[in-house]
Structure formats: C-alpha cells, structure tokens
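Protein sequence lines, in the order shown, are assigned to chains A and B.
Residue numbering for the first sequence is 0 to 338, as defined by numbering that gives the first Met the number 0.
Residue numbering for the second sequence is 0 to 243, as defined by numbering that gives the first Met the number 0.
Right, one structure below, let's go through it.
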Amino acid sequence: MKGNIALCEGAIAAGCKAYFGYPITPQNEVPAHMSRRMVELGRVFLQAESELAAINMVLGACAAGVRAMTSSSSPGISLKQEGISYIAGMELPAVIVNVQRGGPGLGNIAGSQSDYFQSVKGGGHGDYRLIVLAPYSTQEMYDFAFQAFALAEKYRNPVLILSDGVIGQMMEPLEIAPSQMSATVEKNWILDGCKNRPPRMLRSLFMGDGDLEKHNLKLQKKYNTISENEVRCETYHLDDADTVLVAHGIAARVAKAAMRSSRATGKKVGLIRPITLWPFPSRAIADAATPGRRLLVVEMNHGQMVEDVRLAVNGKCPVEFYGRAGGGVVNEEELSSYL
Amino acid sequence: MKKIYGRPESLKSTPHLYCPGCGHGIIHRIVAECIDELGIREKTIAIAPVGCAVFAYDYFNFDVTEAPHGRPPAVATGIKRVLPDRIVFTYQGDGDLAAIGTAETIHAANRGENITVIFVNNANYGMTGGQMAPTTLIGQKTTTSPFGRDPKREGYPFKVCEFLSALEGVAYLERVAVSNPKNIIHAKKAIKKAFNNQIEGKGFSLVEVLSQCPVDWGMPVAEAINWVNTTFMQTFPPGVYKDK
Numbered sequence: 000m001k002g003n004i005a006l007c008e009g010a011i012a013a014g015c016k017a018y019f020g021y022p023i024t025p026q027n028e029v030p031a032h033m034s035r036r037m038v039e040l041g042r043v044f045l046q047a048e049s050e051l052a053a054i055n056m057v058l059g060a061c062a063a064g065v066r067a068m069t070s071s072s073s074p075g076i077s078l079k080q081e082g083i084s085y086i087a088g089m090e091l092p093a094v095i096v097n098v099q100r101g102g103p104g105l106g107n108i109a110g111s112q113s114d115y116f117q118s119v120k121g122g123g124h125g126d127y128r129l130i131v132l133a134p135y136s137t138q139e140m141y142d143f144a145f146q147a148f149a150l151a152e153k154y155r156n157p158v159l160i161l162s163d164g165v166i167g168q169m170m171e172p173l174e175i176a177p178s179q180m181s182a183t184v185e186k187n188w189i190l191d192g193c194k195n196r197p198p199r200m201l202r203s204l205f206m207g208d209g210d211l212e213k214h215n216l217k218l219q220k221k222y223n224t225i226s227e228n229e230v231r232c233e234t235y236h237l238d239d240a241d242t243v244l245v246a247h248g249i250a251a252r253v254a255k256a257a258m259r260s261s262r263a264t265g266k267k268v269g270l271i272r273p274i275t276l277w278p279f280p281s282r283a284i285a286d287a288a289t290p291g292r293r294l295l296v297v298e299m300n301h302g303q304m305v306e307d308v309r310l311a312v313n314g315k316c317p318v319e320f321y322g323r324a325g326g327g328v329v330n331e332e333e334l335s336s337y338l
Numbered sequence: 000m001k002k003i004y005g006r007p008e009s010l011k012s013t014p015h016l017y018c019p020g021c022g023h024g025i026i027h028r029i030v031a032e033c034i035d036e037l038g039i040r041e042k043t044i045a046i047a048p049v050g051c052a053v054f055a056y057d058y059f060n061f062d063v064t065e066a067p068h069g070r071p072p073a074v075a076t077g078i079k080r081v082l083p084d085r086i087v088f089t090y091q092g093d094g095d096l097a098a099i100g101t102a103e104t105i106h107a108a109n110r111g112e113n114i115t116v117i118f119v120n121n122a123n124y125g126m127t128g129g130q131m132a133p134t135t136l137i138g139q140k141t142t143t144s145p146f147g148r149d150p151k152r153e154g155y156p157f158k159v160c161e162f163l164s165a166l167e168g169v170a171y172l173e174r175v176a177v178s179n180p181k182n183i184i185h186a187k188k189a190i191k192k193a194f195n196n197q198i199e200g201k202g203f204s205l206v207e208v209l210s211q212c213p214v215d216w217g218m219p220v221a222e223a224i225n226w227v228n229t230t231f232m233q234t235f236p237p238g239v240y241k242d243k
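Right, dumping it as structure tokens:
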C-alpha cells in the first residue's frame, strides 16, 4: 500500500469523521482516497476552495466535537498556519498532515524535510506547540494517523504528522493489527447547542487584564506535561557506537541502512531516530552524547533538527551535519562513504 | 400585568461595549429575538468575526465560536457539515466578509451551504478605528482614504448582494437597514426568513444590514442615521436580491 493511502486508512480506523482538503502534490492520493472512502462510510469529505478554508473547516468540525483532519504539502501548510495558530490557541484536537516537498516558495514536488522549523518551532504566530509525529514507513503512516486523534484529544492540542513526498509515495506491505478505536475522552467544551447546559464559547482572544498571560501559562503547563509523557524515539547500537547518527522520517530510513552496511564493515555506528519531533527526545540525545563520540545529524534540508540536537548535546561531544535539500535525497552509499 | 417587552433569552445581560449610536446592538437584539421566536436557541451555534462583533460570544446566550478574520463561512461549513441538524450562523462585518474573507464567502455561497449569514455593512473597519472598507462609498473619507475614496485609486464599493445573486447555490439575499423603527421591523423579518430557510434546508441565506457607525464616520448619531437613509442607500439600495 502507498504511504498516503495507509495514512487515510489509519485515520478512518481512528474514527476520523470529517476530512477537508485541497489538491497539492505529493499528497493528492489523500483527498482522492478520502473523497471515496469517507462518502462510502457516510462521513464528511469536502474539497475546500483553499488551504485557508480547509483548515478553518477542520476548526469548525473540531469545535463541534468530531474527529477531523486535513492534509497538505509544504506551501499549503504555510497557508494553514494562521488557522493552526487559532486551533492551538482555542485548544482544538485537530489532526494536520504535511507530506513535505521541497522549498522555499513553490520549490518542487520531491520529498523534503525542510519544514522541520515550521513544524516544531510554531509556524504561525504566538507561543504554541504542536505534537509532531514523524513516520518513516507506510506502517507508521497508518499507525501514527491512527494514534494522532487520541493524542490530540487527550491533550486538547493539534497534532501534526510530518511526513514527506518519499514516504507518501512509497509502496510497502502494511500490517493492520486488529485495533480498537481509542475511546474519545469526555469533551465538556464542544459547541453542539446549549441544550440542558449553559452556553459555551471557544476563543483565542483574551482581552481582559492578565487573561492572555493566564491562558499562555495554562498552555505552557500542558506543553510541559506533554514533554514529560509523550517523547518517543528509537535507538540502535548506542552501547558501542562511536558515531551516532541522528535522523527522522525518510532520512532515518537511509541512515539505518547506512548504519547496517557500515557495521558490516566493522565501523561502530549507531542511530537515534526521534519519532516525536516535538516533544523532542532531548534527554535521549543528551545521554548519548558521551565524550569520545560524535553525533552526525542527517536531514533532507540544510540543517534544521541539528539545532535541537546541538542544544541537547550542549557541547558534550562534536555534532556534525550531513544533508541534502531541494529534492536531493540522501542515499545510503553516499552516507556510508561519508562515515 | 402582562409583560410585553423584555430582554430576549438569547441575549445575555452583559452590557455591550459598542460605541454610542452603533447599529450592532440593535442587530444583536433582533437576531436574538428571531432565535427565541423560532425556538432554536438550544441548537444554535454562532461564529463571531474579527472586528467590532468579535465579542458576540459575550452577548449572545448560546454557543459561539471565534474564527480567524474572514473565515467564519469556512468554520460554519465545518460545523454544519458534521452537525447538520443544528442552526449555524455567522455574524460578520464588511472587512471580514467582503475583503479578507471574500473567497470563503463566495464559495460557501456557491456550495449552497445551509447556513445563515448576518452581514453588517457599516462602510468602514470600525474596530481598528475607521479604515477604508471594500464597502466604503466613493468620496467617503476614512483614516486610510483621507482624500475620500477615489475609484481610480481604490476601486468601487463592493456590492455583496448584487455579486452573490449570480450564484446558483444561494437561496436568499436581502439588504436591509436598522436606521429607523420601520426599517428595524423589516430587518427582523428578513433575518427571521434567513433562519427559517436554514430550518427548511433551503441553503445559503444572507442578510446584509446597513448599519450606522457614527463614531468612525465622525457624525452625530442623528446625522449618521440620516446618512444611512440617504447617501448609504443610494449606493447600496435595500431590497430582495434573491429569493429562491
């Protein structure tokens, strides 16, 4: 199954009730697949007039209490940032998918990882965080789409699945484990009409003296809880490695292959794969940064995640960077010979 | 004793922060009266705009959400599509609906979304201090058209009802005013019809309300009301623009 289709099926299995999208390559399989499947299932599919409209339709559907999703690719995600900031401020559990392509501007349609900053450092205006999941296989496209909704609802926080054109287009076997749809948490904040209860409001505007500061402190408290509970990463051969690769998403796939071939020639190479890009696995990286070792960050951009790695390492060992951008795909041979 | 006049249940007792002489208070009241009379308060969800009416959630006594500037029709679409048996309406100003949100307005209308739109046209951006709006009249002075709106430089007043009337998906369009009791009674009828259309599943209904903004227009209230009844209505004639 193609990564993009697996993503759709994961979302459907999770009980996604509404999908709103807009065409852009390389995520077109998502709206195309959803346009058929969601209608077949009696759920909502709508092709919006723009990315702005699509994200705001998601805002509306989430405000009304249902599981809702949108997907796009880099330039389209830039357009959605306004809505994402509102969604974060209003604490709505939206799921957003970015099947990244090269930038800046219209860039090209090849896979890329150049939206790391945009994804983990905010993207829109204001002090907010998205939970960012980085799949590296078709299986994880399915699994993370499935998990994203429960995670979003648990924290009343938007979740971003940060994929890329390679993973989206890649075909791989997929194992669909009999999974139970996660129970929806009680939503005592949704807008569905004030029958037998006082009216509710959803907003991100706090004009009263000190109100916005209070709201921000509440958000930060939530972000701290997420940071404590939801960090996910995978590590390989950290016991003996003298070079530890750090890579996420498709770059981690390549790095893993390069690690294996290098180890076959006797080189002691390990790997840390951040799965949540926010919250970032800073502790795992700091623990791995022992003297006498080097960390080599591999990305399909010109060095974005490497900044968070350097912050985590805090000078305890050298941190190098290896990357290609603009649609260039890091390949195993190149990386192995670099090692 | 029989009570013949009181606060609608759909309106909270919170004092409005609107300027003296502003039309929003009247429009809020007639919207609230319509919702009470139709018995739909407990199934109504409103979308407040960015602009003067952003605090609508403080005034309306039913569920209200905020939306980014210009996006209420998209937010309303999201809500209505997942809760089709609820009553969903947007309350938007001219900057919100006819400038930054033009695309959302046109496409929600063209899809025939079964929602109600209350469009308050006061010919300027009130909240931000009286800048030129898409509906500012030719020659009208605002803080960003200090020499008066010149169509050669700033284009022409944007006529929303006339423009939307060409779209297949639109069920009902009417332009009304709240500049005297007779107009207010008529405006209420139009708003009620726009909600009724939604109840009956007729599709997109929009009522454009010409509203006075004396403070930002720099006029005494009486003069502002007179301006609505004369100058404003010449460019934006009241009437039914579509009734399917």
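Even glycine gets a Cβ: it sits at the ideal position worked out from N, Cα and C.
Because the structure is a prediction, the values reported are computed rather than measured.
Listed by chain order, chain A residues near residue i by CB distance under 7 Å
i	result
TYR56 of chain B	MET200 and ARG202
LEU82 of chain B	ALA63 and ASP191
THR142 of chain B	Residues of chain A passing the Cβ test: none, with the nearest at roughly 22 Å.
ARG85 of chain B	ASP191 and GLY192
PHE61 of chain B	CYS193 and PRO198
GLU41 of chain B	GLY192, CYS193 and LYS194
ARG174 of chain B	Residues of chain A passing the Cβ test: none, with the nearest at roughly 25 Å.
Listed by chain order, chain B residues near residue i by CB distance under 7 Å
i	result
GLU90 of chain A	By Cβ distance, chain B contributes nothing, its closest Cβ being about 12 Å from GLU90 of chain A, past 7 Å.
8 Å contact criterion, which residue i and residue j should meet: CB distance rounded
i	j	result
GLY14 of chain A	ARG66 of chain A	5 Å
VAL74 of chain B	ASN55 of chain A	5 Å
VAL116 of chain B	PHE146 of chain B	Their Cβ separation, rounded to whole angstroms, is 33 Å, which puts VAL116 of chain B and PHE146 of chain B out of contact at 8 Å.
GLY164 of chain A	GLN99 of chain A	7 Å
LEU244 of chain B	ALA108 of chain B	Past the edges of chain B, shown from 0 to 243, lies residue 244 of chain B, and the structure says nothing about it.
Partners in chain B for residue i, counting only beta-carbon separations shorter than 9 Å
i	result
GLU48 of chain A	ALA73, ALA102, GLU103, ILE105, HIS106, ALA107, ASN109 and ARG110
GLU333 of chain A	Per Cβ cutoff of 9 Å: no residues; GLU333 of chain A is ~44 Å from chain B at best.
LEU244 of chain A	Within chain B, no residue comes near LEU244 of chain A; the closest Cβ sits about 40 Å away, beyond 9 Å.
LEU45 of chain A	THR76, GLY77, ARG80 and ARG110
beta-carbon residue i near the ligand MN non-hydrogen atom, thresh 6 Å
i	result
LYS243 of chain B	For the structure depicted, the ligand MN is absent and the ligand set is empty, with no information on it obtainable.
Residues that DSSP places opposite residue i in a beta bridge
i	result
VAL98 of chain A	A:SER162
GLU65 of chain B	B:ALA47
LEU294 of chain A	A:VAL243 and A:VAL318
ALA186 of chain B	For ALA186 of chain B, which the question treats as bridged, DSSP gives no partner whatsoever.
MET170 of chain A	A:LYS1
VAL43 of chain A	A:ALA17
GLN130 of chain B	B:TYR124
ASP242 of chain B	B:TYR171
SER70 of chain A	A:VAL96
TYR235 of chain A	A:LEU270
GLU207 of chain B	B:PHE118 and B:ARG174
GLY92 of chain B	B:VAL119
TRP277 of chain A	A:VAL131
THR137 of chain A	Answer by DSSP bridge pairing: none, since THR137 of chain A is not bridged.
THR141 of chain B	B:SER144
VAL30 of chain B	Per DSSP, none; premise fails for VAL30 of chain B.
ILE59 of chain B	Checking the sequence, you will find Phe at residue 59 of chain B rather than Ile. DSSP, once it has assigned bridges, lists B:LEU10 as partnering PHE59 of chain B.
LEU78 of chain A	DSSP, once it has assigned bridges, lists no residue as partnering LEU78 of chain A.
Within-7 Å CB hit, residue i to chain E
i	result
GLY59 of chain A	The question asks about chain E, but that chain is absent: this structure's protein chains are A and B.
Per-residue contacts from residue i into chain B (C-beta, under 8 Å)
i	result
TYR18 of chain A	Here the premise fails: no neighbours, minimum Cβ distance about 11 Å.
TYR85 of chain A	GLU65, ALA66 and PRO67
ALA151 of chain A	Chain B residues near ALA151 of chain A: none, gap ~16 Å exceeds 8 Å.
ASN187 of chain A	By Cβ distance, chain B contributes nothing, its closest Cβ being about 13 Å from ASN187 of chain A, past 8 Å.
MET56 of chain A	ALA73, VAL74, THR76, GLY77 and ARG80
Per-residue contacts from residue i into chain A (C-beta, under 8 Å)
i	result
ILE78 of chain B	GLY59, ALA60, ALA62, ALA63 and LEU190
VAL53 of chain B	LEU204
Would you say the stretch 32-45 of chain A touches the stretch 49-62 of chain B, given that touching needs at least three Cβ pairs under 8 Å? These segments do not touch.
Taking 8 Å as the threshold, find out whether the stretch 106-116 of chain A comes into contact with the stretch 26-33 of chain A through three or more Cβ pairs. No, they do not touch.
Segment contact, 8 Å Cβ cut-off, at least three pairs: the stretch 38-45 of chain B with the stretch 188-200 of chain A: Segments in contact, yes.
Across the stretch 26-38 of chain B and the stretch 65-75 of chain B, are there enough close Cβ pairs to call them in contact, namely three or more that are closer than 8 Å? They do not touch, by the three-pair rule.
Would the stretch 269-283 of chain A count as touching the stretch 234-251 of chain A if we require 3 or more Cβ pairs under 8 Å? The stretch 269-283 of chain A is in contact with the stretch 234-251 of chain A.
Please determine if the stretch 226-239 of chain A and the stretch 299-316 of chain A are in contact, where contact requires at least 3 C-beta pairs separated by less than 8 Å. Three or more beta-carbon pairs separated by less than 8 Å are not found between the stretch 226-239 of chain A and the stretch 299-316 of chain A, which leaves the two stretches without contact.
Chain B contacts made by the stretch 63-83 of chain A, where a contact means CB separation under 9 Å: Along the stretch 63-83 of chain A, going in chain order, the ones with a CB nearer than 9 Å to a CB of chain B are ALA63, GLY64, VAL65, ALA67, GLU81 and GLY82.
Taking beta-carbon pairs under 8 Å, can you tell me which members of the stretch 123-134 of chain B lie near chain A? Listed by position, the residues of the stretch 123-134 of chain B near chain A (Cβ gap below 8 Å) amount to none.
Pull out every residue of the stretch 19-46 of chain B whose Cβ sits closer than 8 Å to any Cβ of chain A, in chain order. From the stretch 19-46 of chain B, only ARG40, GLU41, LYS42, THR43, ILE44 and ILE46 have a Cβ closer than 8 Å to chain A.
Within 8 Å, do at least three Cβ pairs link the stretch 161-178 of chain B to the stretch 203-211 of chain B? In short, these stretches touch, since the Cβ pair count reaches three.
Taking 8 Å as the threshold, find out whether the stretch 133-151 of chain B comes into contact with the stretch 317-333 of chain A through three or more Cβ pairs. Not touching, per the Cβ criterion.
Three or more beta-carbon pairs under 8 Å between the stretch 258-266 of chain A and the stretch 137-146 of chain A, yes or no? Segments in contact, no.
In chain order, what residues of the stretch 21-43 of chain A put their CB closer than 8 Å to some CB of chain B? For chain B, the residues of the stretch 21-43 of chain A that bring a beta carbon within less than 8 Å of one of its beta carbons are VAL43, in chain order.
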